[in-house]
Amino acid sequence: MERKEELKEEIEEVKEELKKEEEEVEELQNRIRELEEKVKKLETIAKNSNIRAAELQREIEYLKERYRKDIEEQRKFGYEALTLDILNVLDNFERALSAAATTKDFDSLLRGVEMIYSELRRILERYNVQEIDIQGKEFDPYLAEAVETVQAQEHPPNTVVKVLQKGYKLHGKVIRPAKVVVSLPEEEIT
């Protein structure tokens with residue numbers, strides 16, 4: 001009978017161990033379900049992130065194309081206002097020439113040309129084109145090109161004594177250097 005009792009105890013122990021292991025298995029299965037749910041959520045987040053990234057990439061491409069078109073449009077028509085202003089000057093020159101051909105009045109022609117010249121200067125100022133003022137100043141190779149040198153005792157050496165062609169800046173940048181005559185010390189004259 002003792003053997004029977006031992007077997008009963010062993011069976012009970014095995015049942016308890018089995019029950020514990022079944023509980024562990026159930027806990028592990030619950031943990032697996034939780035992890036599977038987290039994986040599904042993360043997959044959804046990743047999928048949504050990929051979709052959003054693709055949308056952002058398309059938006060970036062669209063903006064790049066729009067920017068390129070805007071630049072192209074600016075290149076084509078950016079000078080429209082300046083062109084219209086210059087066309088007005090051209091119209092005035094044509095009227096002056098037409099009037100000069102019929103009236104032969106030199107004084108009127110001169111006044112008309114002076115008015116057109118003033119109008120053109122105002123247009124250039126409006127578009128931030130400034131004349132380089134270099135006459136009588138020290139020669140600056142960034143602002144002017146020395147096309148001739150002379151001995152000029154009334155001027156210090158390296159001074160602009162004559163402007164042969166005016167220079168201009170656009171928004172502070174030299175777009176055409178002045179062509180000038182520069183004074184040199186007597187020993188440098190060749």
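For the sequence shown, the UniProt record's numbering gives the first residue as 1, with consecutive numbering after it.
From the three backbone atoms N, C-alpha and C, an ideal C-beta is built for every residue, glycine too.
Computed from a predicted structure; not experimentally measured.
- Task: List the residues that DSSP assigns as beta-bridge partners of residue 75.
- Result: Here residue 75 refers to the residue found at position 75 when the sequence shown is read from its first residue. Answer is none; residue 75 lacks a bridge partner.
- Message: What does the alpha-carbon distance come out to for the pair residue 111 and residue 94?
- Response: Numbered from its first residue, the sequence shown carries residue 111 at position 111. Numbered from its first residue, the sequence shown carries residue 94 at position 94. C-alpha separation (whole angstroms): 14 Å.
- Task: Could you tell me the distance, in whole angstroms, from the CA atom of residue 123 to the CA atom of residue 108?
- Result: Looking up residue 123 in the sequence shown gives position 123. Looking up residue 108 in the sequence shown gives position 108. So the alpha carbons of these two residues sit roughly 23 Å apart.
- Task: In the DSSP assignment, find the beta strand (DSSP E) that holds residue 159 and state where it starts and stops.
- Result: In the sequence shown, counting from the first residue as 1, residue 159 sits at position 159. Taken as a continuous stretch (DSSP letters only), residue 159 belongs to no beta strand (DSSP E), as it is neither H nor E.
- On the premise that residue 147 lies in contact with residue 174, defined as a C-beta separation below 8 Å, what is that separation, rounded to the nearest angstrom? As a first step, residue 174 is located in the sequence shown; it is residue number 174 there, counting from the start. As a first step, residue 147 is located in the sequence shown; it is residue number 147 there, counting from the start. With a Cβ gap of about 16 Å, residue 174 and residue 147 do not count as contacting.
- Message: Whole angstroms are fine: how far does the CA of residue 144 sit from the CA of residue 150?
- Response: For the purposes of this step, residue 150 is taken as the residue at position 150 of the sequence shown. For the purposes of this step, residue 144 is taken as the residue at position 144 of the sequence shown. So the alpha carbons of these two residues sit roughly 16 Å apart.
- Assign residue 269 to buried or exposed, taking buried as 16 or more other Cβ atoms, counted over all protein chains shown, within 10 Å of its Cβ. The requested residue 269 is not part of the displayed model; the chain covers only 1 to 190.
- Query: Taking just the CA atoms, how far does residue 46 sit from residue 34?
  - Reply: Along the sequence shown, one-based indexing puts residue 34 at 34. Along the sequence shown, one-based indexing puts residue 46 at 46. Computed Cα separation, rounded: 18 Å.
- For residue 167, count neighbouring Cβ atoms within 10 angstroms of its own Cβ and tell me buried if that reaches 16, exposed if not. Sequence index remark: in the sequence shown, residue 167 carries index 167 (1-based). It counts as buried.
- Secondary structure of residue 185, DSSP reduced to three states: Locating residue 185 in the sequence shown gives position 185, counting from the first residue. Taken through DSSP and simplified to helix, strand or coil, residue 185 comes out as coil.
- Where DSSP assigns a beta bridge to residue 179, which residues make up the other side? Here the question's residue 179 lines up with position 179 in the sequence shown. Residue pairing from DSSP places residue 179 in a beta bridge opposite 145, 165.
- Query: Which whole-angstrom value is the C-beta distance of residue 163 and residue 134, which I expect to be below 8 Å?
  - Reply: To locate residue 163, count along the sequence shown from 1; it is residue 163. To locate residue 134, count along the sequence shown from 1; it is residue 134. Here residue 163 really is in contact with residue 134; their C-beta atoms are around 6 Å apart, less than 8 Å.
- Item | DSSP state of residue 29 mapped onto helix, strand, coil | Locating residue 29 in the sequence shown gives position 29, where the first residue counts as 1. Helix.
- Task: Please classify residue 130: does DSSP put it in a helix, a strand, or coil?
- Result: Taking the sequence shown and counting its residues from 1, the one referred to as residue 130 is at position 130. The answer is strand: DSSP assigns residue 130 an E or B state.
- Residues that DSSP places opposite residue 151 in a beta bridge: Within the sequence shown, the letter at position 151 stands for residue 151. DSSP lists 184 as partners of residue 151.
- Message: Which same chain residues end up closer than 7 Å to residue 171 when comparing Cβ atoms and leaving out the 5 residues on each side of it in sequence?
- Response: Here residue 171 refers to the residue found at position 171 of the sequence shown. Same-chain partners within the cutoff: 128.
- Query: With 16 other CB atoms within 10 Å as the buried threshold, where does residue 132 fall?
  - Reply: Numbered from 1 along the sequence shown, position 132 holds the residue referred to as residue 132. By the 10 Å Cβ count, residue 132 comes out buried.
- Message: Just to confirm before moving on: does the CB-CB distance between residue 118 and residue 155 stay below 8 Å?
- Response: What you label residue 118 is simply residue 118 of the sequence shown in a count that begins at 1. What you label residue 155 is simply residue 155 of the sequence shown in a count that begins at 1. No, they are not a contact pair.
- State the beta-bridge partners of residue 170 as determined by DSSP. Indexing the sequence shown from 1 puts residue 170 at position 170. Beta-bridge pairing links residue 170 to 129, 173.
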